[in-house]
Every structure is written in structure tokens, then in C-alpha cells.
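> Taking our numbering, I'd label the letters of the sequence shown as residues 18 to 450. Positions of the beta carbon are idealized from the N, C-alpha and C atoms, including for glycine. Please read all numbers here as calculations on a predicted model, not as lab measurements.
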Amino acid sequence: MSNTVPPRNEMDKKYTWNSESVFPSIEAWEEEVNRVLKDIDGVKKFQGRLAEGPAVLLDALNTAYDLLLRAQTALMYASFSYAVDTTNQPTAGMHGRAQGMYGQVLSAISFLQPEILRIGRTALDEWMGQNEQLAVYRHSLADLFRKQAHVRPAEVEEILGLVSDPLQGASNSTSMLTNADFKFKPVKDSTGKKIEVTQGNFDSQLLHLSDRKARKAAYKSYMDEYVGHKNTLAANLATSIKSNVFLMRARKHETTLAASLFALNIPTDVFHNLINTFKKNLPVWHRYFKIRRRALGVRKLAYYDMWAPITKEKVKVPFEQAVDLICESLAPMGREYVETLRNGVLQDRWVDVYPNKGKSHGAFSSGTQRTHPFIMMSYADEVSSMSTLAHELGHSMHSHLTWKNQPFIYTDYSLFVAEGASNFHQAMMRGHL
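1. For a quick check, are the C-beta atoms of Cys34 and Val340 less than 8 Å apart?
2. May I ask you to report which of helix, strand or coil DSSP gives Lys211?
3. Indicate whether the contact test is met: 3 or more Cβ pairs, each with one atom in the segment 219 to 233 and one in the segment 195 to 210, closer than 8 Å.
4. Three-state secondary structure (DSSP) at Ser402?
5. Would you tell me roughly how many angstroms separate the C-alpha atoms of Asn373 and Tyr32, rounded to the nearest one?
6. Just mark Ser188 as buried or exposed, buried being the case when its beta carbon has 16 or more other beta carbons within 10 Å.
7. Met393 bridges to which residues according to DSSP?
8. Where does the unbroken alpha helix (DSSP H) through Thr90 begin, and where does it stop?
9. Nearest to Leu313 by alpha carbon, out of Val262, Leu226, Asn282 and Met350?
10. Considering only C-alpha positions, which residue in the set Pro107, Ala275 and Ser413 is nearest to Val452?
11. Cutting at 7 Å between CB atoms, please list the residues of its own chain near Pro451, excluding the five before and the five after it.
12. DSSP puts Lys205 in a beta bridge; with which residues?
13. Could you work out which residue in Thr294, Ala407, Gln222 and Lys317 is closest to Pro326 when comparing CA atoms only?
14. Identify which residue in His442, Tyr371 and Ala397 has its Cα closest to the Cα of Leu410.
15. Hey, how far is the Cα of Val287 from the Cα of Asn293?
16. In three-state DSSP terms, what is Thr273?
17. Between which two residues does the alpha helix (DSSP H) holding Ile176 run?
18. Measuring straight from C-alpha to C-alpha, what distance separates Gly59 and Thr90?
19. Three or more beta-carbon pairs under 8 Å between the segment 98 to 107 and the segment 140 to 157, yes or no?
20. Whether or not the segment 35 to 50 and the segment 80 to 100 are in contact is what I'm after, with contact meaning three or more pairs of Cβ atoms, one per stretch, closer than 8 Å; do they touch?
21. Taking Phe162 as part of the alpha helix (DSSP H), name the residues at either end of that continuous run.
22. What did DSSP end up calling Ile343 once you bin it into helix, strand or coil?
23. Residues in the same chain with beta-carbon distance under 8 Å from Glu345, minus the five sequence neighbours each way, listed in chain order, please.
24. Hey, could you find the ends of the alpha helix (DSSP H) Arg138 is sitting in?
25. Considering Cα atoms alone, identify which of Tyr119, Ala280, Asp429 and Thr195 is closest to Phe162.
26. In terms of residue numbering, what span does the alpha helix (DSSP H) encompassing Val301 cover?
27. According to DSSP, is Ile258 part of a helix, a strand, or is it coil?
28. Three or more beta-carbon pairs under 8 Å between the segment 373 to 393 and the segment 110 to 122, yes or no?
29. Apply the 10 Å Cβ neighbour rule to Pro71 and answer buried if 16 or more other Cβ atoms are within range, or exposed otherwise.
30. Helix, strand or coil for Met28 per DSSP?
31. Mind listing, in chain order, the continuous alpha helix (DSSP H) runs of no fewer than 4 residues lying wholly within the segment 27 to 58?
32. So what does DSSP say about Phe128, is it helix, strand or coil?
33. Whose C-alpha, out of Thr195, Arg387 and Glu399, is nearest the C-alpha of Pro424?
34. Taking Leu363 as the reference, which of Phe201, Gln338, Tyr94 and Met445 has the closest Cα?
35. Cα separation between Lys376 and Thr215?
36. Compute the Euclidean distance between the alpha carbons of Thr405 and Val370, then round it to the nearest angstrom.
Written out as C-alpha cells, the structure is:
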């Protein structure tokens, strides 16, 4: 493991995400953002006209969702560019501008739901029976009527669309603070070597060191920086909670939990059952922690011991080898599936692989129906990083196949569904190993 984290401009291009496949340049992105804003009028011309008939409704829906897809693609490009280097001020500005643009698009299309509900299910069923293209929206429209009690009048929906950007303020502030502004103190390992601490290497590398002194020092450095900004972080958390309460009340839900789960059509009983099931199985975790404590030979297990290696021999897994092992584990999925994944990672640069200064912590998969799936992570040549890669590739392949086979209106699957594909990948990999 390198003790220093390189700046973004020193990263090998083959290990960075294929941004040019989305937009060839920032100038091209700027032009698209301007076009999206200009084309908002093309959606607004349908306002007040949806009840004219199935042809008008279909045209309005297709126009609105095409604009939304373009807006999502521009937002994704800006968000991913910012995530891989939060210290880059131009990309931070792009991210803010893209969020504002997206809020305007949401506001512009907000009239659709109230107007469609006024048409009524009987008329819509008749229209969909007459028009096969409109019938594509059948499930989406049925779900809209499920949400009917929480859809507000057009003028309220327009405002809710406009406030989507400012309501992200607390989240954006926290991200900028923790990813771009935090300066963690470097630490030393047992031999006196200096180790840099960053958001990119803390989870993926430092907590996996065999040197307990180095792990503890890195943990203290990391947490001390958070504690040093506890007032700002607490204020951002309070603002975020208030935002959720505002949206709950605006849409007339009883609780913020109910509001959060309602969009996904998940009963609150499912949530509580999940928590209760976990609590019932806590003894399994307690047993695991006791075994880990004994294996590490420590008197008391600390947070920074949770991911420490329990074997003396360190298994190194370079990125390309990890891709090979993941592909081998997924052989039962078929040749086409495996080759799509392999080519996506190694040729089409789906993955932004290694940590760099300013890179956001964690890992995620992103993209839209107009792009490849893209993964941001901080790979560390270890089994745990390979597991993270397998997990995120589960999301990416799920997205890739969804975008390939479904209309845009059905491509936004919930996190509750998404984790099935990602955990399946990890289970296949572990079974193979």
C-alpha cells in the first residue's frame, strides 16, 4: 500500500471513468444544459391540454420523459465529475448548476400528475385500449393512482419541484465539508513510517492494515476531524431532518418514515419487521465479535478492529485479477452477461478505480439510459475491495440490462430492489472463492 494519495491529474486514464463517452468536453456539457433549459417550453405547452385525448397525452409524456432523461444525464455527468475530485472548483460549480437545472425540469413537468389524475382511471383505461404506445404507461399510471392522496394541486407540485434543489443544501454542504475541506492529520505506523489519511483510503485501506497501532492512529485522525466540525455537521443534520419533515407535511403523510417508504410501495410493517429480525439475530453477531477478538488477540474489540485481517498472510488481489475472479464466479449467468461485464470494466472504463486526493469516500454505481453504468470506488488490491467491486458491478449490470430492455419510465428501480442484484454478485463471488 502506498503511504501517499496522488492528486487527480496524476491518475492513469485507463483506471478513470469514461467521461468522454457521456460528453466529449465540458463545453459540450454546457451546451446540453442550455438546450435542456431551452426545451422546457416544449413541455409546458402541454399544460392544461392533457385531457384533449390519448394522442396529446402520449406526446406530452414522451416529450417530458425525454427531457427528464437528458436532464438526468447532464446531472449524472456533473455529479460524477464532482465525486471523483471534490477539490476541483469548476466541477463543484457544474454540480451546483446541474442540480438547479434539474430542479427546473422537475418543476416544469410537475403539472403532469395532477392533470392525469383529473382525467380519471376509466377514461385512461379506454385511451390505453385504443393506443398501444400509451398502454406502455399502464403500470406507471396505476402507480400514480395509488399515490393519488399525496399528489398535490399543480401549483403546489410546481413549488415542490422548484425546492428540490435548495432542499439538497444541507447534503451538499456536508459533502463539500467532509470530502473537500476536511484535512486529516497524517499518522505513523509501528515502524515510524508516515501514512496519509484521506476519505478515499480510510475505509478501503487503513482500516484493513495488520498494524493495530496504525489503524488506531488513522481512526483517531479521521474521527477527530469530524468532532472538530461537530457543530456544523449537527446543524446540517438538523436542516436535513427539517427538510424531510417539510416534504412529509407538504404531501400529507403521517410520518417521515411513511413518506420515505410510500414512494417505493413498501409498508412500514416491512421496515419494522426487518429491524426486529436483525435484533433477534444479534447473538450471532456477538458470537462473531468474540471470535474476532480472540483471533486478533486483543482484550477489547474496537471499531478499528472490525476489518483488520485475522491471518498473517496478506492476500493481494490486483484490480485486473479481481475482475477475472468476479467473472469466473458469474459464469452461471452465461457468456453474454460475463463478457458484457468484463468488456465494460476493462475496455469501456466503467470504473473509476483508485483513490486520489479529493475523491469522495465510499462506492456507488451511477449512470442513465443514455450512458454506460459507472462505478466510483477506491480499490485497494485486497479481497474486501474485490467484494465491493463485485457488489457495485451487480448494480451496474442490473442497470445495464434494465436500460437495454425497459422503457425509460421503468428504469428507476428502488434501492430495496437494487440490493438484490448487488448482494447476489457478492454471494456468487464468495461461493466461488
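Short version:
1. Looking at the sequence provided, one finds Trp at residue 34 rather than Cys. For Trp34 and Val340, no; Cβs fall outside 8 Å.
2. strand
3. yes
4. helix
5. 11 Å
6. exposed
7. Asp369 and Phe381
8. Pro71 to Ala100
9. Leu226
10. Since the first and last residues shown for the chain are 18 and 450, residue 452 lies out of range.
11. In the structure as shown, the chain starts at 18 and stops at 450, and residue 451 therefore has no counterpart that could be examined.
12. Lys211
13. Gln222
14. His442
15. 10 Å
16. helix
17. Ala171 to Leu179
18. 19 Å
19. no
20. yes
21. Arg155 to Arg163
22. helix
23. His449
24. Arg138 to Gln147
25. Ala280
26. Leu299 to Leu313
27. helix
28. no
29. buried
30. coil
31. 43 to 55
32. coil
33. Arg387
34. Gln338
35. 9 Å
36. 11 Å
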